[in-house]
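Student: Encoded as C-alpha cells, here's the structure I'll be asking about.
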Amino acid sequence: MENKTGQMNIKDKVKYTSGKNRWQTNEYPELGIESVFMADGPHGLRIEKEMDTPTDTVAHKSICYPAACSLASSWDRSLLELLGKTLAAECREASIDILLGPGVNIKRSPLCGRNFEYFSEDPVLAGYLGAAYINGLQREGIGACVKHFACNNQETERFTISAEVDEQTLHEIYLLPFKIIVENAKPWSIMCSYNRLNGVQVAENTYLLDDILRKTWGFDGVVISDWAAVNDKVLSLTAGVDLQMPGPCYAFDTEVINQVEDGFLSEKIVDKSVSRLFSLTEKCHVNQSAKKEFDREEHHNIARQIAADCVVLLKNDRLLPITEKYKKITVAGYMAQHPRHQGGGSSHVNSFAVETPLEEITRSCSWAKVDYASGYDVDGNTSREKLDMAASLASESDLAVIFIGLPESYETEGRDRKHMKLPKGHEALVRAISSVQENCAVVVLSGSAVELERISKDSRALLYGGLLGETVGGAIADILTGKVNPSGKLSESFPLKLEDTPSFINFPGTNDKVYYGERFYVGYRWYDKFDKDVLFPFGHGLSYSSFAYENISLSSNTLHEESKIEVSFYVKNSSDTYGSEIIQLYINSRKSFPERPVKELKKFCKINLEPGESKNVKFTLDSETFSFYSVKKKEWIIDSGEYEILIGSSSRDIRLGSHVHIDIDKNTFLKINRNTQIGEIISISNEIKKLFTEKIFKLMDTERIEEASFQELLQFYSYRSVVKLLYWTAQQVKMKDLDSVLEELNQVIEQNKN
C-alpha cells in the first residue's frame with residue numbers, strides 16, 4: 001500500500017478521496033487500482049441507468065425485499081443473513097461492489113419519514129439484526145456500508161439540524177447499534193450522516209469518527225460521506241472521512257491540495273485515507289471471478305418466504321386463519337390492488353414482479369367467491385359512493401379483509417410526518433364495513449407506527465405488515481389462510497396517540513437544534529418508566545399457536561467480572577399447530593442509583609416448535625450484559641448489586657423471572673470527594689454503603705432526624721453531592737470531620753482493590 005501511495009502525487013491522492021461520479025470511485029490502472037461501484041438499496045438494488053447524471057434515472061429491475069421496518073419484525077438473525085447472502089448474488093450480477101446499507105438509526109419518533117429504512121427503537125435488536133445482514137452480504141464478497149452514523153433520526157432539516165444528545169444517551173442508544181455491528185460484523189465501510197451532533201458537523205466530527213469509531217471500537221474500514229454531506233473537505237479528512245461522495249469534487253479537492261502545499265494540512269492525513277481506500281478496493285475485487293448469474297424467480301420466492309416471517313398478528317379474536325367455512329369474502333381497500341410495498345427516496349427499487357393481495361387472496365381462497373371494493377383512492381380520499389359499495393359487498397359476505405396504511409406521500413426520505421393518523425378515507429372504510437360485518441380482518445401497510453386504537457376496536461383481527469416488498473400479496477395471503485403461521489413481533493411500540501411518545505415535545509426541534517430531552521428513555525423504556533399504556537407493546541406479536549414458558553434456572557446466582565451465567569428454561573408449544581416463538585430476555589437493575597430504565601432488552605432468539613414439543617432455551621450472560629456507559633469514566637462499566645432477569649413474549653408479557661447478584665471489583669472507581677454524588681457512594685458496595693451511613697449519621701444532629709428518616713433522606717439526596725448533607729446538621733459538623741469520613745471510605749475502597 002505504501003508503495004502505491006508513494007507513486008501518486010498529491011493531486012492524484014486527493015482526487016482518489018473523491019468519487020468519480022455519483023456511484024464510482026476513481027481508478028488508476030497504471031497502479032492496478034480499479035474503480036469500486038456502489039448502489040443504493042438496503043432491501044433491493046437501486047441502480048441508475050447513467051452513472052454520470054446529476055439526477056436519478058433508475059432503470060434496473062430488481063427484487064424488492066421487505067424494508068427494514070418489516071425485517072426487524074422477524075427478530076430472526078438467520079433470515080437477515082439469508083437476505084444479505086441473496087442480495088450479494090444480485091450485486092455480483094450487476095457488478096456492484098458496495099451495497100449502501102443497512103440503516104441502523106434508532107426510531108426515536110414514529111414521525112421520522114425514513115423510519116421504514118430502520119430496524120427498531122431498541123439498539124440491541126437493531127445492532128444484531130444489522131450485523132447478521134452484513135455477515136450474509138460480506139461473506140459473499142460484497143461490502144456493506146452501514147448508515148447513517150450518527151443521530152440521523154429525522155428528515156426535517158437533516159442537512160443542518162444539530163442533534164443535542166447527552167453523552168450517556170449517545171453511547172447507550174444511538175451509537176450502540178453501530179458498536180455492535182463493528183464488533184460482530186466488521187463492516188467494510190460506514191456512511192457518516194448529514195446532521196450536526198452537539199453543534200459539530202458529523203462529517204467533521206473527530207470525536208465520533210476517530211476517537212470512538214476507530215480508536216475505541218477498532219473500526220478499520222472506510223468512512224464514506226453521505227451524498228453531499230461534506231462542507232469542508234479539509235476538516236472532513238482530518239476528522240476521518242476517507243471518501244467524499246458524489247464526485248467529481250474539483251473545488252473541494254483544490255482546497256485540500258492548496259492546504260497541503262501551503263503546509264497547513266499534513267499529507268499523511270491524506271495518505272491514511274488513500275491507504276484505507278486501497279484496502280477496500282482490494283477486498284472488493286477478490287471475488288470478481290465468482291458466479292454472477294442468479295435465478296430471479298428463485299429470489300422472488302425467497303422474498304416471499306422472508307416477507308411472511310415479517311408479518312405481525314396484532315390481534316385475533318378467533319377469526320383467523322381463513323377456512324373454507326367462509327364462502328364469500330370481500331377484499332376492500334385501494335392498497336389491496338395497489339399495495340404499498342416499499343418506501344420513497346434513495347431506497348426505492350424498480351420492482352421485478354409485485355404480487356397484489358387481491359390476486360393472492362383470490363388464488364389462495366379458491367373455494368370462495370371473492371369480491372373487491374377500492375373504498376378510497378391512491379391518496380386515501382374517499383366518497384359516499386365508494387363507502388356504500390364496500391359496505392354493501394361486505395354485508396353480503398361471510399368475511400371482510402380490509403387493507404389500509406400510509407400512502408407513499410405520507411412517509412418518504414426528505415420529509416417527516418406531522419401526525420400518526422391514517423388517511424381519513426382509510427378510517428372511514430373500516431367504520432363503514434365494520435358497521436355491517438362483524439368478521440373484519442384489517443391489514444396495515446406502513447413504514448412505522450400509526451394510531452390504531454379505533455381500528456383495533458372495529459376489527460376482530462389486525463395484522464401489521466410494514467412494507468413487505470414485492471411479495472406483499474403472497475405473504476399476506478399465506479398468513480391469512482394459515483399456510484404460514486404468523487411469528488413476527490413488533491420492533492417498535494405502537495402508542496395510543498402521538499402525545500404519548502417520548503420525543504413529542506422535542507421533535508423535530510427549533511432554531512436548527514433538536515434536543516433529545518427524553519434521554520435514554522426511548523420507545524418502550526419511556527412507556528415503562530412513566531407507566532404509560534400503549535396499544536401494542538414492543539415485542540408483541542400473536543400466533544395461531546400458543547406457548548408456555550416454564551422452569552427457569554441459573555447456573556449461578558452470582559456473577560463475577562470474568563465469569564458467565566447460563567440462563568436456562570423451557571418453552572412448549574401447547575397447541576396443535578406448528579409454530580415459531582420469539583423469546584426476549586430483559587434485565588432490570590433493582591438499584592435506585594444510577595438511574596436506569598425499568599427494563600432493557602439484552603438477548604433474543606427464535607425457535608420452531610412442533611405441536612406439543614418443548615425445547616430447552618439457554619442464554620449466556622456475562623458482565624458486559626449488565627454494563628452501562630459512565631460519563632465520568634468515559635467507558636462502559638458494570639455496577640455491583642442486584643439485577644432482575646426477565647424472560648418474556650413481549651416487553652409487557654413477562655413469563656419468567658429470576659435474580660442475580662453482580663459482584664464486580666470497581667478498580668476504576670474515582671476517588672470520593674465532597675462533590676461525589678451520594679447515590680454513587682452507596683452504590684459502590686454494601687460494605688461502603690453501611691460504613692458511609694453509620695459514619696455520616698453520627699455526624700448528624702440525631703435529635704433533628706431519626707435513622708429511618710435519614711435513610712429516606714439519603715435516597716432523596718442520591719443525585720446531590722455529599723457536602724449537601726451538611727445543610728441538615730444545623731451547621732454543627734466541621735468540614736474536616738466530613739473529609740475524614742470520606743478519606744476513611746477511600747482507604748477501604750483501596751484496600752478492597754488489593
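Quick note on our numbering: the sequence shown kicks off at 1 and runs consecutively. The C-beta atom is built at its ideal place from N, Cα and C for all residues, glycine as well.
List the whole-angstrom C-beta distance separating D512 from T160, where the pair is believed to meet the contact cut-off of C-beta under 8 Å.
Tutor: Contact flag correct, Cβ pair sits at about 6 Å.
Student: So L176 packs on P123, CB below 8 Å; how close in whole Å?
Tutor: Their Cβ separation, rounded to whole angstroms, is 4 Å, which keeps L176 and P123 in contact under 8 Å.
Student: Identify the continuous alpha helix (DSSP H) that holds T254 and give its terminal residues.
Tutor: Residues 250–261.
Student: Start and end of the beta strand (DSSP E) containing R655?
Tutor: It spans 653–663 - the beta strand (DSSP E) in which R655 sits, taken as one unbroken run.
Student: Classify M420 as helix, strand or coil using the three-state DSSP reduction.
Tutor: In the structure shown, M420 sits in coil (DSSP, three-state: anything other than H, G, I, E or B).
Student: Using the three-state DSSP reduction, which class does D765 fall into: helix, strand or coil?
Tutor: Here the chain has residues from 1 to 754 only, and residue 765 is not among them.
Student: What do you reckon, are the CB atoms on Y524 and S493 nearer than 7 Å?
Tutor: In contact: Y524 and S493 (Cβ atoms closer than 7 Å).
Student: Restricting to Cα atoms, I'd like to know which of E204, Y207, M245 is closest to I224.
Tutor: For the residues E204, Y207, M245, the minimum Cα distance to I224 belongs to M245.
Student: Give me the residue from H560, S456, C365 with the minimum Cα distance to I476.
Tutor: For I476, the nearest C-alpha among the options comes from C365.
Student: Are K292 and E427 closer than 7 Å when you measure CB to CB?
Tutor: Contact: no.
Student: Do D226 and S193 come within 7 Å of each other at the CB atom, strictly closer than that value?
Tutor: It is a contact, given that the beta carbons lie within the stated cut-off.
Student: Taking DSSP as the reference, what is the three-state secondary structure of A400?
Tutor: Three-state DSSP puts A400 in a strand.
Student: At which residues does the beta strand (DSSP E) containing V514 begin and terminate?
Tutor: Where V514 is concerned, the enclosing beta strand (DSSP E) stretches over 513–515.
Student: Can you tell me the Cα-Cα spacing of K85 and E140, whole angstroms?
Tutor: Each residue's Cα considered, the two are about 6 Å apart.
Student: Can you tell me whether DSSP reads L137 as helix, strand or coil?
Tutor: Correct three-state label for L137: helix.
Student: So, for E750: in the same chain, excluding its five sequence neighbours on each side, which residues have a beta-carbon less than 8 Å away from its beta-carbon?
Tutor: There are no such residues.
Student: Can you tell me whether N153 is buried or exposed, with buried defined as 16 or more other CB within 10 angstroms of its CB?
Tutor: Burial call: buried.
Student: Would you call the CB atoms of L393 and A368 closer than 7 Å?
Tutor: Not in contact: L393 and A368 (Cβ atoms no closer than 7 Å).
Student: According to DSSP, is L429 helix, strand or coil?
Tutor: L429 falls in the helix class under three-state DSSP.
Student: In angstroms, rounded to a whole number, what distance separates the CA positions of E121 and K698?
Tutor: Rounded to whole angstroms, E121 to K698 spans 48 Å at the Cα level.
Student: For I681, count neighbouring Cβ atoms within 10 angstroms of its own Cβ and tell me buried if that reaches 16, exposed if not.
Tutor: When all chains shown are included, I681 counts as buried.
Student: Using the Cβ count rule (16 or more neighbours within 10 Å means buried), how would you classify N667?
Tutor: Only weak support exists for where N667 lies, its pLDDT of 47 falling under 50; the coordinates are left without a value.
Student: Could you pull the DSSP bridge partners for V442 from this structure?
Tutor: V442 is bridged to I402, L462.
Student: Between which two residues does the alpha helix (DSSP H) harbouring H300 extend?
Tutor: Looking at the DSSP string, the run of the alpha helix (DSSP H) that includes H300 is 296–308.
Student: Cβ of P187 within 7 Å of Cβ of V146?
Tutor: Contact: yes.
Student: Would you list the residues sitting across from R318 in a DSSP beta bridge?
Tutor: Answer by DSSP bridge pairing: none, since R318 is not bridged.
Student: Go ahead and label P486 buried or exposed: buried means 16 or more other beta carbons lie within 10 angstroms of its beta carbon, across all protein chains shown.
Tutor: Buried, since its Cβ has 16 or more Cβ neighbours within 10 Å.
Student: For K734, I'd like the list of residues in its chain whose CB is within less than 8 Å of its CB, leaving aside the five on either flank, ordered along the chain.
Tutor: There are no such residues.
Student: According to the neighbour-count rule (16 or more other Cβ atoms, all chains shown, within 10 Å of its Cβ), is V331 buried or exposed?
Tutor: So V331 ends up on the buried side.
Student: At what residues does the beta strand (DSSP E) containing N551 begin and finish?
Tutor: Element bounds for N551: 547–554.
Student: According to the neighbour-count rule (16 or more other Cβ atoms, all chains shown, within 10 Å of its Cβ), is V631 buried or exposed?
Tutor: It is exposed - the Cβ of V631 has fewer than 16 other Cβ atoms within 10 Å.
Student: I'd like the ranges of any alpha helix (DSSP H) spanning at least 4 consecutive residues and lying wholly in the stretch 153–215.
Tutor: Segments of the alpha helix (DSSP H) lying fully in the stretch 153–215: 176–185.
Student: Pull up the CB-CB distance for K233 and E255, whole angstroms please, since I reckon it's below 8 Å.
Tutor: K233 to E255, Cβ: 6 Å. Contact.
Student: Which residue from V722, V260, V443 puts its Cα closest to that of M335?
Tutor: Among V722, V260, V443, the Cα nearest to that of M335 belongs to V443.
Student: Counting C-beta neighbours from all protein chains within 10 Å, is the total for S650 16 or more, i.e. buried, or is it exposed?
Tutor: Label assigned to S650: buried.
Student: How long is the line joining the alpha carbons of F264 and A251, rounded to whole angstroms?
Tutor: So the alpha carbons of these two residues sit roughly 17 Å apart.
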